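What follows is a set of notes on a single structure, which appears directly below.
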Amino acid sequence: MMVKSADTKGGKQAKERITTSFCASSAGEKLKSLMIWKSKTPRCFKGKDISKLGIHWKSNRKAWMTAAILEEWLTDFDKKMAKEGRNVLLILDNATCHKHQIV
C-alpha cells in the first residue's frame, strides 16, 4: 500500500491497487472475502496454498472488479444459497461492473 504523501518517480501517484469485496447478512453471517490483485500468485504467497487462506483470490491487470469476476462470484453465491434453500436479497452499488444484466 502507498501512503498518499509518499513520493514516486516522476511525481506521479502510485497505482498499486487491491480490490476487496465483503458479504455479510443482517444476522452477522459472513462469506469469505473476495480479493483482487494484479498477480495470480503474488510473491508473498509463494509456496502457500491460497485456497487455504480463507479468501477467494482473483486477478486481473488493474486489480479491479470486472463483470466477469462479479458474474463468477454471483454464480457461486447463487449455488451456495440454493443449496442451503435460502432466498436472499443482494444489494450492490452502481459500480461499472454491476451495470451488466446477469441472470
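Residue 103, in the UniProt record's numbering, is where the sequence shown stops; the numbers in between run on with no holes. Cβ coordinates follow ideal geometry from the N, Cα and C atoms, glycine included. Quantities reported herein were computed from a predicted structural model and do not represent experimental measurements.
Task: Same chain, Cβ closer than 6 angstroms to A63, neighbours up to 5 away in sequence not counted - done: Cβ within range, chain order: R17, I18, T19, I36, W37 and K38.
- [ ] Mind checking which residues open and close the beta strand (DSSP E) that includes residue 118?
- [x] Nothing in the structure corresponds to residue 118, since the chain is present only between 1 and 103.
Open item on the list: With a threshold of 6 angstroms on Cβ separation, who are the neighbours of H98 within its own chain once the five nearest residues in sequence on each side are excluded?
Closed with: The beta carbon of H98 lies closer than 6 angstroms to those of L92 in the same chain, with the five residues before and after it left out.
TODO: Label M81 either buried or exposed according to how many other C-beta atoms from any shown protein chain fall within 10 Å of its C-beta, with 16 as the threshold for buried.
DONE: M81 is exposed by the Cβ-count criterion.
Task: L34 classed as buried or exposed, judged by whether at least 16 other C-beta atoms fall within 10 angstroms - done: L34 is buried by the Cβ-count criterion.
Open item on the list: Please return the same chain residues whose Cβ sits closer than 7 angstroms to the Cβ of G54, not counting the five positions on each side in sequence.
Closed with: Spatial neighbours of G54 in its own chain (CB-CB distance under 7 angstroms, excluding positions within 5 residues in sequence) are listed in chain order as K32.
Task: C-beta atoms of F77 and L89 nearer than 9 angstroms - done: It is not a contact, given that the beta carbons lie outside the stated cut-off.
TODO: Go ahead and pull the three-state DSSP assignment for L70.
DONE: L70 falls in the helix class under three-state DSSP.
Open item on the list: Just to confirm before moving on: does the CB-CB distance between K52 and I69 stay below 9 angstroms?
Closed with: No. Outside cutoff.
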